Amino acid sequence: MEKNKLGYDPNDIALAYNLQVNKSCQSLDYWLSSTFELNDFENAFFEKILKDAQTDASYWNEEELKIKMVGLLFSLADIEMSEKAKVFYERPIAAKVGDYDLSVICDCLVATSLPFNKPTHPYFFLQEFKKKRGEKNDPEGQLLTAMLIAQEQNQEKKPIYGGYLFGSVWSFATLLDNQYCVSKEFNATRKEDLLQIVFILRKLKDLILNR
Numbered sequence: 001m002e003k004n005k006l007g008y009d010p011n012d013i014a015l016a017y018n019l020q021v022n023k024s025c026q027s028l029d030y031w032l033s034s035t036f037e038l039n040d041f042e043n044a045f046f047e048k049i050l051k052d053a054q055t056d057a058s059y060w061n062e063e064e065l066k067i068k069m070v071g072l073l074f075s076l077a078d079i080e081m082s083e084k085a086k087v088f089y090e091r092p093i094a095a096k097v098g099d100y101d102l103s104v105i106c107d108c109l110v111a112t113s114l115p116f117n118k119p120t121h122p123y124f125f126l127q128e129f130k131k132k133r134g135e136k137n138d139p140e141g142q143l144l145t146a147m148l149i150a151q152e153q154n155q156e157k158k159p160i161y162g163g164y165l166f167g168s169v170w171s172f173a174t175l176l177d178n179q180y181c182v183s184k185e186f187n188a189t190r191k192e193d194l195l196q197i198v199f200i201l202r203k204l205k206d207l208i209l210n211r
């Protein structure tokens with residue numbers, strides 16, 4: 001491995017930054033326990049997303065996944081707030097973190113928006129649709145990279161939130177200092193799992209407002 005170069009292997013990243021990897025921690029557990037009520041319109045919208053996922057999710061490519069699931073779930077979660085939080089897609093992020101120059105293209109992120117639609121102060125990242133682990137662009141490795149960059153840029157002792165997808169299977173994570181915590185898997189073709197994904201995404205609004 002070249003000096004100052006670091007790929008997207010989660011093991012290399014964890015070793016480079018002495019990350020403690022856990023399955024449970026206070027910030028993640030609180031986030032995942034979110035519950036809400038959907039109104040009639042939201043329920044109909046939800047059922048349409050679920051039906052399409054159950055029918056076609058295994059055949060979607062990356063762009064179809066983004067358009068037919070990710071974008072619609074963020075719309076249903078309704079987390080955007082003027083001048084406080086906005087959803088962005090395919091945005092680069094980079095910083096020198098410790099001994100390494102880190103950079104990644106974020107498939108999706110939630111951040112404060114500058115006047116001309118430029119993200120700043122990121123809170124949440126989502127890396128999507130990589131078919132299997134071990135590829136050079138492992139989504140969890142990309143997620144870790146983005147979270148470390150955000151932690152360096154934000155300079156605040158508060159969690160960075162994130163998630164990654166393998167097809168229709170979602171995992172969520174938090175990073176606070178060197179404590180990285182990752183959830184169980186949620187399969188978006190299962191109704192109870194997809195509903196919890198909506199609740200988890202919707203909770204981001206409260207988490208951002210209360211920072």
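So the sequence shown is numbered by my numbering: it starts at 1 and just counts up by one. Beta carbons: idealized from backbone N, C-alpha and C, even for Gly. Remember, predicted model here, so these are calculated numbers, not experimental data.
Using DSSP's beta-bridge definition, name the partner residues of residue i.
i: Pro-119; result: Ser-113
i: Met-212; result: Only positions 1 to 211 of the chain appear in this structure, which leaves residue 212 out of reach.
i: Ala-95; result: Leu-102
If you compare alpha carbons, which of the options is closest to residue i?
i: Phe-46; options: Lys-157, Arg-190, Leu-15; result: Arg-190
i: Leu-32; options: Gly-167, Val-169, Ala-188, Val-182; result: Val-182
i: Asn-22; options: Val-198, Phe-172, Leu-76; result: Phe-172
i: Ala-188; options: Leu-72, Asp-12, Cys-25, Ser-24; result: Leu-72
i: Ser-24; options: Leu-201, Ile-197, Lys-184; result: Lys-184
i: Arg-91; options: Arg-202, Trp-60, Tyr-30, Asn-117; result: Asn-117
i: Phe-199; options: Trp-60, Leu-76, Lys-68; result: Leu-76
Cα separation between residue i and residue j?
i: Lys-205; j: Ser-113; result: 15 Å
i: Pro-10; j: Ala-16; result: 10 Å
i: Lys-3; j: Leu-194; result: Note on Lys-3: pLDDT 49, under 50, position unreliable in the model; the coordinate value appears next. Using only the alpha carbons, I get a separation of about 42 Å.
i: Cys-108; j: Thr-35; result: 23 Å
i: Ile-49; j: Met-81; result: 23 Å
i: Leu-37; j: Asn-43; result: The sequence given here places Glu at residue 37; Leu does not occur at that position. The straight-line gap from Cα to Cα measures roughly 9 Å.
i: Arg-211; j: Gly-162; result: 16 Å
i: Asp-52; j: Glu-63; result: 15 Å
i: Ala-14; j: Lys-157; result: 19 Å
i: Phe-186; j: Ser-168; result: 8 Å
i: Ala-94; j: Cys-106; result: 10 Å
i: Leu-201; j: Asp-78; result: 9 Å
Are the CB atoms of residue i and residue j nearer to each other than 7 Å?
i: Pro-119; j: Phe-88; result: yes
i: Val-97; j: Leu-176; result: no
i: Thr-174; j: Ser-27; result: yes
i: Leu-165; j: Glu-128; result: yes
i: Phe-125; j: Leu-102; result: no
i: Asp-99; j: Tyr-8; result: no
i: Thr-55; j: Val-104; result: no
i: Gln-151; j: Ile-160; result: yes
i: Tyr-123; j: Leu-19; result: no
i: Ile-208; j: Ala-85; result: yes
Looking at the structure shown, is residue i part of a helix, part of a strand, or coil, going by DSSP?
i: Lys-205; result: helix
i: Asp-9; result: coil
i: Phe-199; result: helix
i: Asn-187; result: strand
i: Tyr-59; result: helix
i: Thr-174; result: strand
i: Asn-22; result: strand
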